[in-house]
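What follows is a set of notes on a single structure, which appears directly below.
In this note's numbering, the protein residues as written are 11 to 217.
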């Protein structure tokens, strides 16, 4: 037990280990790094975290993380606001942006429909997406959700609710593997999947 050496160290390791993907061994290594680090370096880290928690918010338009009421993508007049790419979370926005193959805007759902995990339609930003589409001016919605049962279920639910308002509803080409999250796809594969996107209705009819 670390408390035999230091209760402060034990507490720090316990808190760091609560982060996703961080085990106790990694948590201990990070804690010991912070112990050795210059005080200004540690202060900069804690200040950045405090600032993030205090000032970071969600874009009122697309639900992307932002420093202001509207994110830089939605506020950019050079983006094509008639194309909406629907993604699961902020990590997918980053993944698509890294391809440099997309110039439209996004809609971040905050998850996918998953009754087993207690996630229903009311826990997601679906109504906000439908409102954007129903306002008009959208010529294409790209469904870029994970290639999983939950992702496909969410895709179909969205399709049924927007099909009468949007001329084109597309989905990523299956260059992204079944069950694979967008954030783990390399930029070239994801870029090709985006550029080679197909009509969602045709994909659905094949199933």
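Using N, Cα and C, we set each Cβ at its ideal position, and we do this for glycine too.
Which listed residue (the options) has its alpha carbon closest to that of residue i
i, options, result
"residue 64", "71, 53, 76", "76"
"residue 153", "97, 51, 81, 22", "97"
"residue 90", "132, 36, 137, 150", "150"
"residue 111", "51, 182, 170, 127", "182"
"residue 72", "156, 207, 134", "134"
"residue 155", "177, 173, 67, 124", "124"
"residue 171", "137, 35, 109, 24", "137"
Supposed contact pair residue j and residue i - C-beta distance, whole angstroms, cut 8 Å
i, j, result
"residue 118", "residue 103", "6 Å"
"residue 113", "residue 147", "Between residue 147 and residue 113 the Cβ distance is about 16 Å, and since that is not below 8 Å, they are no contact."
"residue 168", "residue 204", "Between residue 204 and residue 168 the Cβ distance is about 18 Å, and since that is not below 8 Å, they are no contact."
"residue 143", "residue 175", "5 Å"
"residue 81", "residue 69", "4 Å"
"residue 37", "residue 23", "5 Å"
Buried versus exposed call for residue i [16 or more other C-beta atoms within 10 Å across all chains shown]
i, result
"residue 86", "exposed"
"residue 16", "exposed"
"residue 1", "This structure leaves residue 1 out entirely; the chain is present only between 11 and 217."
"residue 162", "buried"
"residue 42", "exposed"
"residue 58", "exposed"
"residue 122", "buried"
"residue 45", "exposed"
"residue 21", "exposed"
"residue 165", "buried"
"residue 207", "buried"
"residue 74", "buried"
Exercise. What are the start and end residues of each continuous beta strand (DSSP E) run of 3 or more residues lying completely inside the segment 48–125, in chain order?
Worked result: Taking only runs of at least 3 residues, the beta strand (DSSP E) segments lying wholly in the segment 48–125 are 90–97, 114–118.
For this session: May I have a chain-ordered list of the alpha helix (DSSP H) segments no shorter than 4 residues that lie completely inside the segment 123–161?
Result: Taking only runs of at least 4 residues, the alpha helix (DSSP H) segments lying wholly in the segment 123–161 are 136–144.
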